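Peer 1:
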Amino acid sequence: MAYFSNEEIDFKIDEYEKTPMKTYFEVYSLDSNDERYIKRFSLYHGLRDDYLAKLESIFQSKFILCGKKVPTHFISYDGTEKRISIDYNDIDNCNQGDYISVMPYEPGDDNFSELLFNAFIKERLFLVLKGNLPAMQTFYLDYSQYCRIVRQREEKQLKKLYSYGLGEYMVKDAISIDNILAIGINSRFFDGDYDSTVEQVINLLKHYEINIPFLDFYLGDVLCDLRYHRKK
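With my numbering applied, the sequence shown covers 2 to 233.
#1: With a threshold of 16 other CB atoms inside 10 Å of the CB of Val-28, please say whether the residue is buried or exposed.
#2: Tell me where the alpha helix (DSSP H) around Arg-125 begins and ends.
#3: Expressed to the nearest angstrom, what Euclidean distance is found between the alpha-carbon atoms of Ile-10 and Arg-152?
#4: Check whether the stretch 114-131 and the stretch 172-190 touch, using three or more Cβ-Cβ pairs below 8 Å as the test.
#5: Could you have a look at Gln-138 and say whether DSSP puts it in helix, strand or coil?
#6: Quick check on Tyr-229: buried or exposed, where buried means 16 or more other Cβ atoms within 10 Å of its Cβ?
#7: Just to confirm my understanding: we take Gly-47, look at its own chain, exclude 5 residues before and 5 after, and list those with CB closer than 7 Å. What are they?
#8: Which same chain residues end up closer than 7 Å to Tyr-141 when comparing Cβ atoms and leaving out the 5 residues on each side of it in sequence?
#9: Could you give the first and the last residue of the continuous alpha helix (DSSP H) run that contains Phe-215?
#10: Ordered along the chain, which non-local residues of its own chain (more than five positions away) have a Cβ less than 7 Å from that of Ser-58?
#11: Tell me Asp-222's beta-bridge partners as DSSP assigns them.
#12: Suppose the cutoff is 7 Å on Cβ atoms and the five residues either side in sequence are ignored; what does the same chain contact list for Lys-136 look like?
#13: I'd like the list of long-range same chain contacts for Lys-160, defined as Cβ closer than 7 Å, with 5 residues on each side in sequence excluded.
#14: Three-state secondary structure (DSSP) at Ile-65?
#15: Determine the DSSP secondary structure at Glu-82, reduced to helix, strand or coil.
#16: Using C-beta distances below 8 Å, list every residue in its chain close to Cys-95, excluding the 5 sequence neighbours before and after it, in chain order.
#17: If distances are taken between C-alpha atoms only, which option among Ser-30, Ile-87 and Asn-204 comes closest to Asp-50?
#18: Just the Cα atoms here: how many angstroms apart are Phe-190 and Ile-184?
#19: To the nearest angstrom, how far is the alpha carbon of Thr-1 from that of Ile-39?
#20: Could you give the distance in angstroms between the alpha-carbon of Ser-33 and the alpha-carbon of Pro-21?
#21: I'd like the span of the beta strand (DSSP E) that includes Ser-177, first residue to last.
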């Protein structure tokens, strides 16, 4: 990755603030009404900490919610109380609690993008989303530069979105469950109890009757798809 001085970064930000914000599809000049592009150029959202509780809360509300709207506790279908830890500190999270972070799969020549994708997506449960969401482009900064800029946000009256995740896009407020193409897990990279997680996700899909395929992206297996296994 190229290194830029504070002065160079400030100049680039000044120029960036003058340009119109673009969505993921606008960046690549894709037709947002073309079904081929919507599925082929999909976006990914990683469910990080408390991923099973987050998935169930999505099934209950029928929305992927931004951090400030996610319930910190709720009652599960089995009667137990579930808790979700949310930290939307400006510096810790680029989305500031107001946005949902998504990213395309775009491995870079130096493998940096792929390392980020592995860390944010492949190591946990993730959602595959339609690419024509109103996902806004962010300005990439390394973490130290990002922290410096965030502290100056109000002083500089910055209006655009900034991220220390290369290739990150952001969707405001909420994403309907109708925009989820698949629930994914990667058995090679998954950081957790794979078998138990798969069993619990399938139980959630069956209880809430969610017709979204659950796939292992490493093995290429369909773990559950209620569209073809309906109860009689």
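No residue lacks a Cβ here, since even glycine has one placed at the ideal position from N, Cα and C. Given the structure is predicted, the values throughout are model-derived calculations rather than measurements.
Peer 2: By the coordinates alone:
#1: Walking along the sequence shown from the start, residue 28 turns up at place 27. Taking a 10 Å sphere around the C-beta of Val-28, we find fewer than 16 other C-beta atoms and assign the residue as exposed.
#2: Here residue 125 is taken as the residue at index 124 of the sequence shown, counted from 1. Counting along the chain, Arg-125 falls outside any alpha helix (DSSP H), and DSSP gives it neither H nor E.
#3: For the purposes of this step, residue 10 is identified with residue 9 of the sequence shown, where counting begins at 1. For the purposes of this step, residue 152 is identified with residue 151 of the sequence shown, where counting begins at 1. Using only the alpha carbons, I get a separation of about 15 Å.
#4: At 8 Å Cβ cutoff, the stretches touch.
#5: Position 137 of the sequence shown holds residue 138. Under the three-state reduction of DSSP, Gln-138 is assigned to strand.
#6: Your numbering for residue 229 matches position 228 in the sequence shown. Per the 10 Å Cβ criterion, exposed.
#7: Taking the sequence shown and counting its residues from 1, one reaches residue 47 at position 46. Spatial neighbours of Gly-47 in its own chain (CB-CB distance under 7 Å, excluding positions within 5 residues in sequence) are listed in chain order as Phe-121, Ile-122, Arg-125 and Phe-127.
#8: Taking the sequence shown and counting its residues from 1, the one referred to as residue 141 is at position 140. Cβ within range, chain order: Ser-164 and Leu-167.
#9: Taking the sequence shown and counting its residues from 1, the one referred to as residue 215 is at position 214. From DSSP, Phe-215 is part of no alpha helix (DSSP H) but of the beta strand (DSSP E) over 215-217.
#10: Residue 58 sits at position 57 when you count from the first residue of the sequence shown. Taken in chain order, the residues that qualify are Val-71, Pro-72, Phe-75 and Ile-85.
#11: Walking along the sequence shown from the start, residue 222 turns up at place 221. Answer by DSSP bridge pairing, in chain order: Asp-217.
#12: Taking the sequence shown and counting its residues from 1, one reaches residue 136 at position 135. Note that residue 136 is Ala in the sequence shown here, rather than Lys. Only Thr-24, Tyr-25, Leu-44, Val-103, Tyr-170, Met-171 and Val-172 meet the Cβ criterion.
#13: Mapped onto the sequence shown, residue 160 falls at position 159. Same-chain partners within the cutoff: Glu-18.
#14: Mapped onto the sequence shown, residue 65 falls at position 64. Strand at Ile-65.
#15: Residue numbering aside, residue 82 sits at position 81 when the sequence shown is read from its first letter. Three-state DSSP puts Glu-82 in a strand.
#16: For this step, residue 95 is matched to residue 94 along the sequence shown. For Cys-95, where only same-chain residues beyond five positions count, the Cβ hits under 8 Å are Ser-102, Thr-139, Tyr-147, Leu-162, Tyr-163, Ser-164, Tyr-165, Gly-166, Glu-169 and Met-171.
#17: If you number the sequence shown from 1, residue 50 lands on position 49. Comparing Cα positions, the closest option is Ile-87.
#18: As a first step, residue 190 is located in the sequence shown; it is residue number 189 there, counting from the start. As a first step, residue 184 is located in the sequence shown; it is residue number 183 there, counting from the start. Going from the Cα of Phe-190 to the Cα of Ile-184 covers about 15 Å.
#19: A question about residue 1 goes unanswered here, because the residues of the chain that appear run from 2 up to 233.
#20: Start at 1 with the first residue of the sequence shown, and residue 33 comes out as number 32. Start at 1 with the first residue of the sequence shown, and residue 21 comes out as number 20. The alpha-carbon atoms of Ser-33 and Pro-21 are separated by roughly 18 Å.
#21: Start at 1 with the first residue of the sequence shown, and residue 177 comes out as number 176. Note, Ser-177: beta strand (DSSP E), 175-177.
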